[in-house]
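Scroll down for the structure; my scribbles are underneath it.
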Amino acid sequence: MGILYAVVARGEVVLAEFSAAATNAGTAARKILEKTPRGNSDSNASYSQDRYIFHAKRTDGLTVLCMADDSAGRRIPSAFLEDIHQRFARTYGRAIHSAAAYAMNDEFSRVLSQQMDHYTNDPNADRINRLKGEMSQVRTAMLDNINKVLDRGDRLELLVDKTATLQGNTLRFRRQSRRFRNTMWWRNVRLTCVHTGIHSYNHRLRFAHVSLPWSLAAVLLEVNTYGVGYGSDFGHK
1 MGILYAVVAR GEVVLAEFSA AATNAGTAAR KILEKTPRGN SDSNASYSQD RYIFHAKRTD
61 GLTVLCMADD SAGRRIPSAF LEDIHQRFAR TYGRAIHSAA AYAMNDEFSR VLSQQMDHYT
121 NDPNADRINR LKGEMSQVRT AMLDNINKVL DRGDRLELLV DKTATLQGNT LRFRRQSRRF
181 RNTMWWRNVR LTCVHTGIHS YNHRLRFAHV SLPWSLAAVL LEVNTYGVGY GSDFGHK
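So that you can map any letter, position 98 of the sequence shown is 98 in the UniProt record's numbering, and since no number is skipped, the others follow by simple counting.
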């Protein structure tokens, strides 16, 4: 059932009230107001009548009282009284101390009706439940962030693996390139030696008035060239 009745009063002077059901809550509330201690002392009290509980909060001479079903507990009615007190004090200020009976009823009874419905039907009106809901949302957000971080970590590991593979391929390519350059350098050196030897041999034959046939020279050059070349390749493998 929730909150069924609410009243705002200065002492015994009712400034605004609202009832969501046809009950004798107004009569019972006035009796409670008569018993409320006078003065500037703040107080909180609860009174039971049948299956209903009257909750009263007095602060700075202003009393806010509500009647709720006993199943509503104490947290929701207490939060309702605190909310109504702040709204009433903020809206009317010093006028509270001199206002006539029911001076704010036309305007503020609508506020009482709206807030009674809110605290009765909205689960978030209970601060504990609201905090639990907020904590649940935070927990869900944290789990989502953790999952995203883990997923990002998997992608980073995959990227590291690919980078390591690329670096390995680069090193192998460099070694093969260096080996090929060395092979070609030695081949050129040996070819140069062969050409130099043939040239010197022909030079000596020319001085001896003997001419080496061009076909034989070509064969010698080819044999020496490819023989040296193949030997250098096999030697480096």
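Where a beta carbon is used, it is the ideal one built from N, C-alpha and C, also for glycine. Model, not experiment: these values are computed from the prediction.
Might you give, ordered along the chain, the residues of its own chain that have their beta carbon closer than 8 Å to the beta carbon of residue i, omitting 5 neighbours on each side?
i, result
"N121", "G2"
"E34", "E12"
"G26", "Y5, V7, E17 and S19"
"N169", "none"
According to DSSP, residue i sits in a beta bridge with which residue or residues?
i, result
"E17", "V7"
"residue 243", "For the chain, the structure presents residues 1 to 237; residue 243 sits outside this window and is missing."
"N44", "K57"
Apart from the five residues on each side of it in sequence, which residues of its chain come closer than 6 Å, Cβ to Cβ, to residue i?
i, result
"A16", "V8, M104, N105, F108 and S109"
"V64", "V8, K57, L81, I84 and H85"
"A72", "G2"
"A45", "A56"
"A68", "I3, I53 and P77"
"S113", "F18"
The beta strand (DSSP E) that contains residue i, what's its start and end?
i, result
"A29", "Run containing A29: none in the beta strand (DSSP E); it sits in the alpha helix (DSSP H), A25 to K35."
"D60", "Taken as a continuous stretch (DSSP letters only), D60 belongs to no beta strand (DSSP E), as it is neither H nor E."
For residue i versus residue j, is the C-beta spacing smaller than 8 Å?
i, j, result
"F80", "Q115", "yes"
"R30", "D42", "no"
"A100", "L62", "no"
"R51", "D70", "yes"
"V14", "Y92", "no"
With residue i and residue j assumed to form a contact (beta carbons below 8 Å), what rounded beta-carbon distance in angstroms separates them?
i, j, result
"I32", "F18", "About 17 Å separates the two Cβ atoms, so there is no contact after all."
"A20", "Y5", "7 Å"
"R10", "H97", "7 Å"
So the alpha helix (DSSP H) residue i belongs to, where does it begin and stop?
i, result
"S71", "Looking at the DSSP string, S71 is not in any alpha helix (DSSP H), and its letter there is neither H nor E."
"D117", "N105 to N121"
Using a Cβ-Cβ cut-off of 7 Å (strictly less than) and excluding sequence neighbours within five positions of residue i, which residues of its own chain qualify?
i, result
"G227", "Note that G227 scores a pLDDT of 48, beneath 50, so its modelled location is shaky; the value from the coordinates is reported in the next line. Here the set comprises nothing."
"V111", "R87"
"S200", "none"
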